[in-house]
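**Q** Quick one: this structure, given as structure tokens, is what I'll be asking you about.
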Amino acid sequence: MKNPAGAECALYYEDFARGAALQECRAARQPGSAEWRPDVCAGCAVPGILKANGSARLVIEISIARGLLRRRPRVQVRASCSAHGGPLTDPYTGCQACNAEADDLLRRALD
Ligand SMILES: [Zn+2]
């Protein structure tokens, strides 16, 4: 679904059908995160990460910093692997252990 910033994001949900006005971010929040609001999406890396990293083991947690008055709150993204833990050093390329497993499988399949 397209988020309020216009980026495709699997963790964003909205429903404006039949008079409903529901907008929500379904990313897990780290403790202490500020509340989500639609303008948070503009500064969020999650859509780009989900586009680059299609791993089913990818676990995303966000923390929204409390913005100063009139400033857009910043989103910090913590990515980890449900099989190998985290945090991932590069959420865009994914978990190095998973990538190594995939390389291994491929190598064995080609042998
Ligand atoms: Zn992994």
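Each residue of the sequence shown is one higher than the last, beginning at 32 in this note's numbering. We put the beta carbon where it would ideally sit given N, CA and C, even for glycine.
(1) Assign residue 66 to one of three DSSP states: helix, strand, or coil.
(2) Have a look at residue 62 and residue 108 and give me their C-alpha separation to the nearest angstrom.
(3) Leaving out five residues on either side along the sequence, give the residues of the same chain with a beta carbon under 7 Å from the beta carbon of residue 78.
(4) Buried or exposed: where does residue 125 fall if 16 or more other Cβ atoms within 10 Å of its Cβ makes it buried?
(5) Would you list the one or two residues that DSSP bridges to residue 59?
(6) Quick one: measure Cβ to Cβ for residue 64 and residue 91, integer angstroms, because I've assumed they're closer than 8 Å.
(7) Suppose the cutoff is 8 Å on Cβ atoms and the five residues either side in sequence are ignored; what does the same chain contact list for residue 71 look like?
(8) From residue 135 to residue 59, what distance separates their C-alpha atoms?
(9) Starting from residue 6, follow its DSSP beta bridges and name the residues at the other end.
(10) Between the beta-carbon of residue 83 and the beta-carbon of residue 43, is there less than 7 Å?
(11) So the beta strand (DSSP E) residue 132 belongs to, where does it begin and stop?
**A** Let me lay it out:
(1) Coil.
(2) Between residue 62 and residue 108, the C-alpha separation is close to 13 Å.
(3) Around residue 78: 34, 38, 39 and 40.
(4) Residue 125 sits buried, since 16 or more C-beta atoms from the chains shown fall within 10 Å of its C-beta.
(5) Bridge pairing for residue 59: 92 [DSSP].
(6) Going by Cβ atoms, the distance from residue 64 to residue 91 rounds to 13 Å, so no, they are not a contact pair.
(7) Cβ neighbours of residue 71 within its own chain (closer than 8 Å, five residues either side excluded): 56, 95, 103, 104 and 106.
(8) Roughly 31 Å separates the two Cα atoms.
(9) Outside the modelled stretch of the chain, which goes from 32 to 142, sits residue 6, for which no answer is possible.
(10) Result no, Cβ atoms of residue 83 and residue 43 do not sit closer than 7 Å.
(11) In this chain, residue 132 is not harboured by any beta strand (DSSP E); it is covered by the alpha helix (DSSP H) spanning 127-141.
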